[in-house]
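To start, the structure itself, in C-alpha cells.
2 protein chains.
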Amino acid sequence: MSNDLSEKPSSNALDTLLALVADDLARVNQTIVDRMHSPVALIPQLAGHLVSAGGKRLRPMLTLSAARLCGYGDGDDHVKLATCVEFIHTATLLHDDVVDESDLRRGQASANALWGNKPSVLVGDFLFSRSFELMVEVGSLPVLATLSRASAVIAEGEVHQLMTTNDTTTTEQAYLEVIQGKTAELFAAACKVGAVAAGMPGKEAEALYSYGMSLGIAFQLVDDYLDYSARQEELGKTVGDDFREGKITLPIILAIARGDDTERAFWTRTLEELDQTEDGTDLRHAMALMEKHGTLADTVTRARHYGDLARAALDIFPDSAHKKALVGIIDFCIDRAY
Amino acid sequence: MSNDLSEKPSSNALDTLLALVADDLARVNQTIVDRMHSPVALIPQLAGHLVSAGGKRLRPMLTLSAARLCGYGDGDDHVKLATCVEFIHTATLLHDDVVDESDLRRGQASANALWGNKPSVLVGDFLFSRSFELMVEVGSLPVLATLSRASAVIAEGEVHQLMTTNDTTTTEQAYLEVIQGKTAELFAAACKVGAVAAGMPGKEAEALYSYGMSLGIAFQLVDDYLDYSARQEELGKTVGDDFREGKITLPIILAIARGDDTERAFWTRTLEELDQTEDGTDLRHAMALMEKHGTLADTVTRARHYGDLARAALDIFPDSAHKKALVGIIDFCIDRAY
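Protein chains in written order, with the numbering used here: chain A, 1 to 338; chain B, 1 to 338.
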C-alpha cells in the first residue's frame, strides 16, 4: 500500500517536490510580489498579507512540476501560469471568506474581519483580473480556456455548496459535484496548464488534468475528514467548524444515511436549524455518531480510492523524479489523515 | 452648444442608438440568457434578476455601435464581446453592493439584501469567469488584453474609492483617478473591443478608447452631480446617498476647497465622522454650501469638457449614422443633468 507510512514516509513528499521546483518557485514568489503591485496601497497590503501568510503553494508547485514532467525547457511561461493559479486560489479564499450578517451573529471570524468584506472582495477581483492579464501575456488560448473554465466551475461549486449548506437531504453525488467544483477543478487545471505550457496539449495534458482532479477530490475528502479529527487539534485548528456552520460534508452525509429516526432528528435540529448546544455536547454527540457508523474511516477510504485514480493517471509518463514527486503528493494529501 | 436642448433633443439619442443596434442587441440579450445557464439553479435566478432588472444596456450598445462604425460585417464576435462587457458590468455591480456590517447598521439597502453577500459575490465571480470564457471563444488576444486590463483597473478604482471615502482631504486629481478606474475604463474598453472585433486594432481602436474614456468620465461626473440634484427625485431616486455614505465626489471636493474654517468643520463632522442629523438638516446645509460655491454647476461644466473631448475623439471617422448616434450618446449622458 502506498499509504504505508513505515514504507514511504510521505511527510517528506512535500519537501521532495519543493526541492525539485525550488528555483522555479522562487521565481513564482517574485512574480507574485511584482504583479500584486498597484498605486492603490491597500491592494498590495491586503494581498501581500494573504499571499505571504498563505500556505504551502501546493497548486503552483503542481503547475511547475507538471510542466517539468512534460519537458518544459527555458522560459517563464510555467512561472507565470503557476502565479496565475495561485492568484485564482487567493482570490477564491478572499471571496469564500465573505460573511453575511448572520455569520457575524454566529461569531464566525475570518480574514475579512481585519479589513471588512468589501476590500476583501475588491482585492480578490483585482487578483483575479491580474491573473487573466498574466495569462494573456503567455498568449495561449488553450491555457486561457482551461483557466477561465476552471474559474467558472469554482464559482459554480461554491454557490452549489451554499445551496447544500443546512440541507440534510444532500446526497453523496451532490457533495462530490460540490468538491469537484470548488476544489478539484483548480488542481486539475493547475496540472493541465503545466503540460500545455510545455507543448504537450494532448494526452499528457488530459492525463495531468485527471491526476489533478482525483488528487483534488482526495485532498478535499481528507480536509472534510480532518474537520472532525483529533489530528486537526494537533495541527492547531478548531475541530467541528463544518458542524457549527451546518456544512454537509461526506462524514455527515453517510452518518445521516445510516442513522435511525432519533439520529435524523438530531441532525435536522443541529444542522438545518443550527440549534446547537454551546458547551460542545452536540458536537461530541455528532462525532460519536460518525464513529459509530464508521463514516470518518469511510471518508478516508474514499480519499484513498481517488488517490489510486490519481496514481493511475500518471501511468502514461515514464519514470522520472517529477513523476515520483507527483505520486508522493498523493500520499502527502491522504496521509494528513494520520 | 451641443447641449442646447432646443436644438438637439438628446432624450431621443438613446432611442436613436437603440434603433441602430436593435437586431444585434436582441442577440446580446439571447446570449446573456444562454451564458448565464448553470445546473446550479441559484446562478441563473440571481443573475437573471439583475440582468433583466438592469438598465439600458448602454455599455454593450457602445460595443455594438463601435463595431458597426468600424465596418463589422457578418459574424457574432461583436455580440459575444458586448455580452462580455455586460457580464463584467453586472459582476461589478454585484460586488459593489457587498456590504459590511457597518453599512447594515446605517440601514443601507441593496440588491444583496435579497440574497445576502455571499451568493452575490459568488454569482459575480461566475459572470466574470463566464465573460472570460466567452472572450476566449472569440479568440482575440488584443481583446483579452483590453478587457482583462479593464477588469483590474476597475477593481483598483473601486478600492481607491473605498480609500477616499470619509477622507475630506481627497483631491480632484484623486477623484478623477477613481472615476476613470471604476467607471470610465469599462466604457473605453467596451468601445475599443468593438473596433478590434471589426479588424481595426490601430488608430480607430485608440480613438474609440479615448471616446469611451471621456464619455465615461462625463457620465460619472453627471451621476455625482445628480446625487445632489432635484432631477434625481424626478427620476425616482433618493437625493444625498453619497453624502450619507461619506463618499467624496467632485461637488463636495470643490465645496470643501472653497469653504472657510466653519464650513470645513461641518464637512469633517458630517463626512469623516459621519455624524449627521437624521432629519436632513445637514444634507440641506451641505447642498446649500454647494449651491453657494457653485460646485454643482462646475461639476456639470467639467462633464461638458469631457463631452467635448469625447466628440473630438470621433473626428477621425467619416460621417455615418453610427458616428451620429455615438455623438448623440455624449449629449444624452450630459443632458441627464437637466
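The C-beta atom is built at its ideal place from N, Cα and C for all residues, glycine as well.
Backbone secondary structure at residue i - three-state DSSP
i         : result
B/Arg-304 : helix
A/Pro-44  : helix
A/Leu-104 : Legend: pLDDT at A/Leu-104 = 47, less than 50; position of this residue unreliable, value from coordinates given subsequently. Note: A/Leu-104 maps to helix in three-state DSSP.
B/Asn-166 : coil
B/Cys-198 : Note that residue 198 of chain B is Ala in the sequence shown, not Cys. Three-state result, B/Ala-198: coil.
A/Leu-98  : Checking the sequence shown, residue 98 of chain A turns out to be Val, not Leu. Coil at A/Val-98, not helix or strand.
A/Ser-120 : helix
B/Leu-147 : helix
A/Arg-336 : coil
A/Ser-210 : helix
B/Thr-92  : helix
B/Tyr-72  : coil
B/Met-290 : helix
B/Leu-176 : helix
B/Ser-320 : coil
B/Arg-35  : helix
A/Gly-157 : helix
A/Thr-277 : coil
B/Lys-80  : helix
B/Lys-56  : coil
B/Ser-140 : coil
A/Thr-183 : helix
B/Thr-295 : helix
A/Thr-16  : helix
A/Thr-63  : helix
Residue from the options with nearest C-alpha to residue i
i         : options                                    : result
B/Ile-248 : B/Ala-82, B/Phe-219, B/Val-178, B/Asp-298  : B/Val-178
A/Trp-267 : A/Glu-291, A/His-285, A/Asp-279, A/Thr-31  : A/His-285
A/Ser-129 : A/Val-85, A/Ala-288, A/Leu-221             : A/Val-85
A/Met-135 : A/Ala-26, A/Val-79, A/Val-123              : A/Val-79
B/Val-122 : A/Gly-75, A/Gly-181, A/Ala-288             : It should be pointed out that residue 122 of chain B corresponds to Leu in this sequence rather than to Val. Residue A/Gly-181 is the option with its Cα nearest to B/Leu-122.
B/Leu-127 : B/Ala-13, B/Ala-188, B/Ala-174, B/Asp-34   : B/Asp-34
B/His-89  : B/Tyr-72, B/Gly-124, B/Gly-75              : B/Gly-124
A/Glu-273 : A/Thr-168, A/Glu-158, A/Lys-324, A/Phe-187 : A/Thr-168
A/Arg-68  : A/Gly-307, A/Ala-321, A/Asp-223            : A/Ala-321
A/Val-138 : B/Glu-137, B/Val-21, B/Ala-145             : B/Ala-145
B/Ser-151 : B/Thr-164, B/Leu-186, B/Pro-251            : B/Leu-186
A/Met-213 : A/Gly-307, A/Ala-255, A/Arg-258            : A/Gly-307
B/Pro-44  : B/Glu-263, B/Phe-87, B/Asp-74              : B/Phe-87
A/Asp-76  : A/Asp-279, A/Ala-26, A/Val-153, A/Thr-183  : A/Ala-26
B/His-49  : B/Ala-174, B/Arg-149, B/Met-36             : B/Met-36
A/Asp-224 : A/Thr-295, A/Ala-155, A/Asp-260            : A/Thr-295
B/Leu-314 : B/Thr-301, B/Val-300, B/Arg-302, B/Ile-330 : B/Ile-330
A/Gly-116 : A/Glu-133, A/Phe-132, A/Ser-131, A/Leu-94  : A/Leu-94
A/Leu-342 : A/Arg-302, A/Glu-278, A/Ala-265            : Outside the displayed span of chain A (1 to 338) sits residue 342 of chain A, for which this structure offers no information.
A/Ala-22  : A/Tyr-175, A/Ala-325, A/Arg-336            : A/Ala-325
B/Phe-332 : B/Val-222, B/Ala-82, B/Leu-81              : B/Val-222
B/Arg-336 : B/Gly-240, B/Leu-254, B/Gln-232            : B/Gln-232
A/Leu-42  : B/Leu-81, B/Glu-156, B/Val-28              : B/Glu-156
Close beta carbons around residue i, own chain, < 6 angstroms, minus the five adjacent residues each side
i         : result
B/Asp-282 : Thr-270, Gln-276
A/Ser-229 : none
A/Ala-195 : Ala-66, Cys-70, Glu-204, Ala-205, Leu-208
A/Leu-62  : Ala-190, Cys-191
B/Arg-106 : With a pLDDT of 44 at B/Arg-106, under the threshold of 50, the predicted position of this residue should be treated as unreliable, though the coordinate-derived value follows. For B/Arg-106, where only same-chain residues beyond five positions count, there are no Cβ hits under 6 angstroms.
A/Ile-316 : Ala-207
Beta-carbon proximity list for residue i, same chain, < 8 angstroms, skipping 5 on both sides
i         : result
A/Glu-206 : Lys-192
A/Ala-47  : Met-36, Thr-90, Val-123, Phe-126, Leu-127
B/Ser-148 : Phe-132
Beta-carbon proximity list for residue i, same chain, < 7 angstroms, skipping 5 on both sides
i         : result
A/Gln-161 : Val-178, Lys-182
B/Leu-17  : Met-61, Ser-65, Ala-325, Gly-328, Ile-329
B/Ala-188 : Tyr-209, Gly-212, Met-213, Gly-216
A/Tyr-72  : His-78, Ala-197, Ala-198
Please list, in chain order, the residues of the stretch 140 to 161 of chain B that have any C-beta partner in chain A closer than 7 angstroms. Leu-141, Leu-144, Ala-145, Ser-148, Arg-149, Ser-151, Ala-152, Ala-155, Glu-156, Glu-158, Val-159, His-160
Jot down the residue ranges of each uninterrupted beta strand (DSSP E) in the stretch 213 to 267 of chain A, minimum 3 residues, whole runs only, in chain order. none
Against chain A: residues of the stretch 198 to 217 of chain B by CB proximity under 7 angstroms: Using a CB distance below 7 angstroms, no part of the stretch 198 to 217 of chain B faces chain A.
Proximal residues, the stretch 35 to 61 of chain B versus chain A, C-beta separation under 9 angstroms: Close to chain A, meaning a Cβ-Cβ distance shorter than 9 angstroms, are the following residues of the stretch 35 to 61 of chain B: Ser-38, Pro-39, Val-40, Ala-41, Leu-42, Ile-43, Leu-46.
At a Cβ cut of 9 angstroms, what residues of the stretch 122 to 141 of chain B count as close to chain A, listed as they run along the chain? Leu-122, Val-123, Gly-124, Asp-125, Phe-126, Leu-127, Phe-128, Ser-129, Arg-130, Ser-131, Phe-132, Glu-133, Leu-134, Met-135, Val-136, Glu-137, Gly-139, Leu-141
Please list, in chain order, the residues of the stretch 72 to 93 of chain A that have any C-beta partner in chain B closer than 7 angstroms. none
What residues in the stretch 247 to 272 of chain B bring their beta carbon closer than 7 angstroms to a beta carbon of chain A? none
Which residues, in order along the stretch 277 to 290 of chain B, keep a beta-carbon less than 8 angstroms from a beta-carbon of chain A? Residues are counted here when their Cβ sits less than 8 angstroms from a Cβ of chain A; for the stretch 277 to 290 of chain B the count is zero.
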